[in-house]
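Number of protein chains: 2
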Amino acid sequence: MSLTEFDLISQYFNNNPVAEGSGIVLGIGDDCALLEVPDGHHLAVSTDSLVCDIHFFSDVSPYRLGYKALAVNLSDLAAMGAMPKWVSLAITLPEMDESWLSEFSRGFFELANKFNVALVGGDTTKGPLSITVSAQGVIPRGLALQRNGALIDDLICVSGKLGDGGLGLACKQKTIALENEQAFIDALELTEPRVELGILLRSLASSCIDISDGLTQDLTHILKSSHCAAKLDLDKLPLSDSLREEIEVGTIDKQRAYQYALTGGDDYELLFTISAANITRLNTLLEKSDVTAANISVIGAVTLLQQPLIQLFDDHQAVSFSLQGWDHFR
Amino acid sequence: MSLTEFDLISQYFNNNPVAEGSGIVLGIGDDCALLEVPDGHHLAVSTDSLVCDIHFFSDVSPYRLGYKALAVNLSDLAAMGAMPKWVSLAITLPEMDESWLSEFSRGFFELANKFNVALVGGDTTKGPLSITVSAQGVIPRGLALQRNGALIDDLICVSGKLGDGGLGLACKQKTIALENEQAFIDALELTEPRVELGILLRSLASSCIDISDGLTQDLTHILKSSHCAAKLDLDKLPLSDSLREEIEVGTIDKQRAYQYALTGGDDYELLFTISAANITRLNTLLEKSDVTAANISVIGAVTLLQQPLIQLFDDHQAVSFSLQGWDHFR
Numbered sequence: 001m002s003l004t005e006f007d008l009i010s011q012y013f014n015n016n017p018v019a020e021g022s023g024i025v026l027g028i029g030d031d032c033a034l035l036e037v038p039d040g041h042h043l044a045v046s047t048d049s050l051v052c053d054i055h056f057f058s059d060v061s062p063y064r065l066g067y068k069a070l071a072v073n074l075s076d077l078a079a080m081g082a083m084p085k086w087v088s089l090a091i092t093l094p095e096m097d098e099s100w101l102s103e104f105s106r107g108f109f110e111l112a113n114k115f116n117v118a119l120v121g122g123d124t125t126k127g128p129l130s131i132t133v134s135a136q137g138v139i140p141r142g143l144a145l146q147r148n149g150a151l152i153d154d155l156i157c158v159s160g161k162l163g164d165g166g167l168g169l170a171c172k173q174k175t176i177a178l179e180n181e182q183a184f185i186d187a188l189e190l191t192e193p194r195v196e197l198g199i200l201l202r203s204l205a206s207s208c209i210d211i212s213d214g215l216t217q218d219l220t221h222i223l224k225s226s227h228c229a230a231k232l233d234l235d236k237l238p239l240s241d242s243l244r245e246e247i248e249v250g251t252i253d254k255q256r257a258y259q260y261a262l263t264g265g266d267d268y269e270l271l272f273t274i275s276a277a278n279i280t281r282l283n284t285l286l287e288k289s290d291v292t293a294a295n296i297s298v299i300g301a302v303t304l305l306q307q308p309l310i311q312l313f314d315d316h317q318a319v320s321f322s323l324q325g326w327d328h329f330r
Numbered sequence: 001m002s003l004t005e006f007d008l009i010s011q012y013f014n015n016n017p018v019a020e021g022s023g024i025v026l027g028i029g030d031d032c033a034l035l036e037v038p039d040g041h042h043l044a045v046s047t048d049s050l051v052c053d054i055h056f057f058s059d060v061s062p063y064r065l066g067y068k069a070l071a072v073n074l075s076d077l078a079a080m081g082a083m084p085k086w087v088s089l090a091i092t093l094p095e096m097d098e099s100w101l102s103e104f105s106r107g108f109f110e111l112a113n114k115f116n117v118a119l120v121g122g123d124t125t126k127g128p129l130s131i132t133v134s135a136q137g138v139i140p141r142g143l144a145l146q147r148n149g150a151l152i153d154d155l156i157c158v159s160g161k162l163g164d165g166g167l168g169l170a171c172k173q174k175t176i177a178l179e180n181e182q183a184f185i186d187a188l189e190l191t192e193p194r195v196e197l198g199i200l201l202r203s204l205a206s207s208c209i210d211i212s213d214g215l216t217q218d219l220t221h222i223l224k225s226s227h228c229a230a231k232l233d234l235d236k237l238p239l240s241d242s243l244r245e246e247i248e249v250g251t252i253d254k255q256r257a258y259q260y261a262l263t264g265g266d267d268y269e270l271l272f273t274i275s276a277a278n279i280t281r282l283n284t285l286l287e288k289s290d291v292t293a294a295n296i297s298v299i300g301a302v303t304l305l306q307q308p309l310i311q312l313f314d315d316h317q318a319v320s321f322s323l324q325g326w327d328h329f330r
């Protein structure tokens, strides 16, 4: 059966019920969506594109692609402390493929429904496969987490584990062979946006960013914006059980594992700075909440501005690594 | 000189000064933009993608592409009566090309600055050329123009001229040879979004849409949403002087010219329904305003629901045409 563009859009993307309190005055089906930002709140907007062969492999499951296209944007909103509300989705695909769209929308809406995010518009066009998502969230005025607020002696913290996303990519690219390959690929493709943690951090963290390009590169954004430097303790970098197993069996050496944790990218964990007083408050809040999966690790501290911006220590010894993030045009 | 992605973004897209009253709390450079929707207003959001070889030719001037990528979204906002405020821009391009980006951003900002629209975020990725723009505007609560408000006996009106955009496309595709080719290509590529007219129509029109897929197809959206039908007078369709000249010299016959006006697409004029009382008010407002370029034409009237949804008349005689809009996957 051949569907027209309009049928296609309505079949897979227009059947999302508009919930009470969603703030949607008018959803999909007119020239624009009409949305209501609650009084006393700012609107937070994030836009990201995923392009085939750059951000994902052509053999990726459409379910996982739909999931991740939304996840990376929700991660940006989380890094500001915003509550995600609405999303627009632009899909370019080579052919009308119903089973592909069905799976893509299943992955997309699984994550959207988890966070009560409503699809409010978008565009479907024919062409080389790519996805652009623009997500909108709301945040009480004055409470947004920015990059430029880090203070000397603040602790540097991350959620979750580091390096698995980058290792998943290396596994897909066959540049590394690991025992737990599927676990790393899952970490790459089924990113968990730290939405609840971002909201908890609103009045506690001094700065925040999500790790998309690798810890050191994203930390550098905070440091440059905040005019300070950092020391990081390698032995405090949170490595997953899967990665620790690989080190034990010798499929990767420790230094290379650290390098993935520092520069691998695609972790989509929150990286934030916080005062010693506030991390105690945060831990109390975390104990009372169900944001346990986020597992905060203290990995270093903010220092006076100096060069290099990031100093690495391993068991109190200064060490040096080649650090390189992810730069699409390099 | 080779630029990294970050330098590239800041050089061409981060130098847009944030004006007073722009509602931008935080612009480009953090995980999200932070925006302030004025109290008592709704947010209107529109997202459109332009894909190379589908929506534009690979030889299009980057200046015109930058202009049009924004214009089609501002046209959607205009169709709701929204005041455009902010825009996110996702560019996928095969290679870092500074002269291309320089020209693209020149066209984009020429239109953005004309309407005081600020670029607040986006994404730049490597891949097959495509552009996705998500534009946001604001509108006083309750005043948005929707598709579903047309009433029996309302007049059907359009702004500007019809058919030139579609003829411009046909000229580019070499499926037609015309004397005034450049004028039609200009109409296709240098679309004028009817922002001021949309704002004037807020409390006057009963329904509104912008013509992107052709008059009959877009009118059908209004009619289906409003549960009514329409009669259109072919001899009242506004044709440009360029098109009238082509008919006179015989490079296109009148019937084919009407067909472009009815189904050509890419006109980006406003199509709206309005009561006879309100069109008098509109004309008075238009006389006092500088929205003269929009030149409203009354082309028909809303009728009781019947099939076919659109009845065409030429000099009071019912006529029949093959009507077909633009459907990307057909």
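Chains A and B are the protein sequences, given in the same order.
Using our numbering, the letters of the first sequence map in sequence onto residues 1 to 330.
Using our numbering, the letters of the second sequence map in sequence onto residues 1 to 330.
Glycine included, each C-beta is placed from N, C-alpha and C at the ideal position.
Per DSSP, Pro-140 of chain B is one residue of the beta strand (DSSP E) stretching across 130-140. One Cα belongs to Leu-282 of chain A, the other to Gly-168 of chain A, and the distance between them is close to 31 Å. Contact check for Gly-166 of chain A against Tyr-260 of chain A passes: the beta carbons are separated by less than 7 Å.
Comparing alpha carbon positions, the residue from A:Asp-241, A:Ser-46, A:Val-25 and A:Phe-13 closest to Gly-160 of chain A is A:Asp-241. One finds nothing in chain A with a Cβ atom closer than 9 Å to the Cβ of Val-158 of chain B; even the nearest lies about 15 Å away. Residue pairing of Pro-84 of chain A in beta bridges, as defined by DSSP: A:Gly-137. Using a Cβ-Cβ cut-off of 9 Å, His-42 of chain A is close to Val-25, Leu-26, Leu-34, Leu-35, Glu-36 and Val-37 of chain B, given in chain order.
With respect to Leu-190 of chain A, Ile-131 of chain A sits apart: the two C-beta atoms are not nearer than 7 Å. Interface annotation for the region 69-93 of chain A against chain B: Asp-76, Leu-77, Ala-79, Met-80, Ala-82, Ser-88, Ala-90 and Thr-92, criterion Cβ-Cβ distance under 7 Å. Taking all protein chains in view, the Cβ of Gln-146 of chain A is crowded by 16 or more other Cβ atoms within 10 Å, so the residue is classified as buried.
Cβ contact annotation for Phe-115 of chain A (same chain, cutoff 7 Å, sequence separation greater than five): Leu-74, Pro-84 and Val-195, in chain order.
In the DSSP annotation of this structure, the continuous segment of the beta strand (DSSP E) that includes Gly-121 of chain B starts and ends at 118-126.
For the region 223-264 of chain A, the continuous alpha helix (DSSP H) assignments of 4+ residues that do not extend past its boundaries occur at 241-249 and 254-263, in sequence order. By the rule that beta-carbons nearer than 7 Å mark a contact, Pro-308 of chain B does not touch chain A. Judged by DSSP secondary structure, Phe-272 of chain B falls within the beta strand (DSSP E) whose first and last residues are 270-274. For the pair Glu-269 of chain B and Ser-206 of chain B, the Cα-to-Cα distance works out to about 17 Å.
The region 104-114 of chain B makes no contact with the region 26-44 of chain A; the number of CB pairs closer than 8 Å stays below 3. Near chain B, meaning a CB-to-CB distance below 8 Å, the residues of the region 117-132 of chain A are Val-120, Gly-121, Gly-122, Asp-123, Thr-124, Thr-125, Lys-126, Gly-127, Pro-128, Ser-130 and Thr-132. Around the beta-carbon of His-316 of chain A, fewer than 16 other beta-carbon atoms lie within 10 Å, marking it exposed. Beta-bridge partners assigned by DSSP to Asp-314 of chain B: B:Gln-317. In the structure shown, Ser-46 of chain B adopts extended strand secondary structure according to DSSP, grouped into three states. Identification of chain A residues near Thr-47 of chain B by a Cβ-Cβ cut-off of 7 Å yields Ser-88, Ala-90, Gly-121, Gly-122, Asp-123 and Ser-134, ordered along the chain. No Cβ-Cβ contact shorter than 7 Å links Ala-33 of chain A with Val-87 of chain A. Under the 7 Å criterion on CB atoms, Asp-31 of chain A is classed as interfacial with respect to chain B. For Asp-164 of chain B, there is no enclosing beta strand (DSSP E); the residue is part of the alpha helix (DSSP H) that begins and ends at 164-172. Across the set A:Phe-57, A:Asn-295, A:Pro-38 and A:Pro-193, the C-alpha of A:Phe-57 shows the shortest separation from the C-alpha of Lys-174 of chain A. Counting C-beta pairs with one atom in each stretch, the region 197-214 of chain A and the region 235-254 of chain A have fewer than three that are closer than 8 Å, which means they do not touch. Inclusion of Leu-309 of chain B and Ala-229 of chain B in the CB contact set at 7 Å is warranted, their separation being smaller than that value. The criterion of a C-beta distance shorter than 7 Å is not satisfied by Asp-314 of chain A and Leu-237 of chain A. For the region 186-219 of chain B, the residues whose beta carbon sits under 7 Å from a beta carbon of chain A are, in order, Ile-209 and Asp-210. Exclusion of the five residues before and after Glu-181 of chain A leaves Cys-171 as the residues of its chain whose Cβ lies within less than 7 Å of its Cβ. Counting along the chain, the unbroken alpha helix (DSSP H) around Ala-112 of chain A starts and ends at 98-114. The beta carbon of Glu-179 of chain B sits closer than 7 Å to those of Glu-245, Glu-246, Val-249 and Thr-251, all from its chain and outside the five residues before and after it, given in chain order.
Counted as a single uninterrupted DSSP element, the alpha helix (DSSP H) harbouring Val-195 of chain B occupies residues 195-201. For Val-291 of chain A, the three-state secondary structure derived from DSSP is coil.
If you draw a straight line from the Cα of Glu-36 of chain A to the Cα of Gln-307 of chain A, it is about 46 Å long.
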